Structures are given as C-alpha cells and as structure tokens.
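*Asks:* Counting along the sequence shown from 1, when you hit position 123 you're at 123 in my numbering, and nothing is skipped either side. Just so you know, even glycine gets a beta-carbon here, dropped at the ideal spot from N, CA and C. No experiment lies behind these values; they were computed from the predicted model shown. Here you go, one structure.
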Amino acid sequence: MEIVPAENNQGLPNYSRHDFFAVLFGETKYNLELRALSSGSQLFAKIDNRQAIDRFIKENSDQNLYFGVCTREGGGGKKDNCREIPALWLDLDFKGLEGGEKEAKGLIDEMPEPSIIVQSGNGYHVYWLLKEPEEAKIDIETYLKGLAKRFRGDM
1 MEIVPAENNQ
11 GLPNYSRHDF
21 FAVLFGETKY
31 NLELRALSSG
41 SQLFAKIDNR
51 QAIDRFIKEN
61 SDQNLYFGVC
71 TREGGGGKKD
81 NCREIPALWL
91 DLDFKGLEGG
101 EKEAKGLIDE
111 MPEPSIIVQS
121 GNGYHVYWLL
131 KEPEEAKIDI
141 ETYLKGLAKR
151 FRGDM
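Given below as structure tokens:
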C-alpha cells in the first residue's frame, strides 16, 4: 500500500462534491455508497452517475448524509460488500477534543501530510489517497484503528 504524497493531491481548496468524489473514487471500479442517516435510504452508484448522486442528495437534503470511503458491490453497506479502498481516512470531531478546533488543527500538524482535509462543520475528515485503490480484503481496519487511536479520531 502506497500513500500519494500531498504534492499530488490536486490542490482542491474550493471544490464541488463531484470534484471531491472524482479525486477520491476516480480510479475505482465499483459503486459509491451514499446513506441518509435518519431514513436509512441508500444509493449505490458509479462515480460518473452525477444525476443519481445529485437527485439522492437533493431528496435527502433534510438529513445528515454520509458516504462510504470503500466502494461497494451487491447493494449492501456491510463489510462483506466492500470492494476497494481508495484512501486511508480519519474523522476528527471537535467535540471529542478538549481543545476543540484548535486541538484538531494541532493534531493535523502532527500527522503524515494528508492528501485532502474536509471541514465537516463539526470537525475534519482527513484523507490519505493511495497510489491506486487496494482490494478491500486487506486488513484496512488495523491501519484505521491505529490512526484513530494515535490522533483521537474515529474511522
């Protein structure tokens, strides 16, 4: 597994969701999963199906929406449906840190340089792009748990 260095991160300071998804999932073969938290609605779509992605987001805009970093196959959001891992990731919530946003920024400064950082409103989503997507059968959870433990985040 090789992480893409930050200088290759496409420099995306103000990008659209389609740009973000294209960078994260552009080299993958399987479906992106979007999920609406309250209703449990899900969408499994290829990354280039912008119309379906936009429709799902619009129809569920009154809910918290999430996406799976691993691609999916078979219409399920469980581990068994995961197929590719395009990046390592960490969810760094301000509420879980005594120093809030300031502490989160300090932790990011201590990390290997991320490829992408997204401000979620309640924290930061940090991504390290892999040179190419890995099969989901590798033990990715070990890496993610290590990142979460070291930097006091979630996976």
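Starting from N31, follow its DSSP beta bridges and name the residues at the other end.
*Replies:* To locate residue 31, count along the sequence shown from 1; it is residue 31. Its beta-bridge partners are R72.
*Asks:* Among G26, R55 and F44, which has the Cα closest to the Cα of L129?
*Replies:* Counting from one through the sequence shown, the residue named residue 129 turns up at place 129. Ranking the options by Cα distance to L129, first place goes to G26.
*Asks:* Nearest chain D C-beta to R152 closer than 8 Å, yes or no?
*Replies:* The structure shown contains no chain D; it holds only a single protein chain.
*Asks:* Got a sec? Which residues, its chain only, sit under 6 Å from L144 by beta carbon, not counting five neighbours each side?
*Replies:* Counted from its first residue, the sequence shown places residue 144 at position 144. Same-chain partners within the cutoff: M155.
*Asks:* Just reading off the beta strand (DSSP E) that E59 is part of, what are its end residues?
*Replies:* Working through the sequence shown from its first residue, we reach residue 59 at position 59. Looking at the DSSP string, E59 is not in any beta strand (DSSP E); the run it does join, the alpha helix (DSSP H), is R50 to E59.
*Asks:* Report back the beta-carbon spacing between Y66 and L88 to the nearest angstrom; my notes put them in contact at under 8 Å.
*Replies:* The residue given as residue 66 occupies position 66 in the sequence shown. The residue given as residue 88 occupies position 88 in the sequence shown. Actually they are not in contact, since the Cβ atoms of Y66 and L88 sit about 17 Å apart, beyond 8 Å.
*Asks:* What are the start and end residues of each continuous beta strand (DSSP E) run of 3 or more residues lying completely inside the segment 69-126, in chain order?
*Replies:* Listed in chain order, they are 84-93 and 116-119.
*Asks:* When DSSP labels each residue in this structure, what does L65 get in the three-state scheme?
*Replies:* Along the sequence shown, read from residue 1 onward, the residue named residue 65 stands at position 65. In the structure shown, L65 sits in a strand (DSSP, three-state: E or B).
*Asks:* Quick one: what's got a C-beta closer than 7 Å to R50's C-beta in the same chain, skipping five residues either side?
*Replies:* Locating residue 50 in the sequence shown gives position 50, counting from the first residue. Excluding positions up to five away in sequence, the list reads H18.
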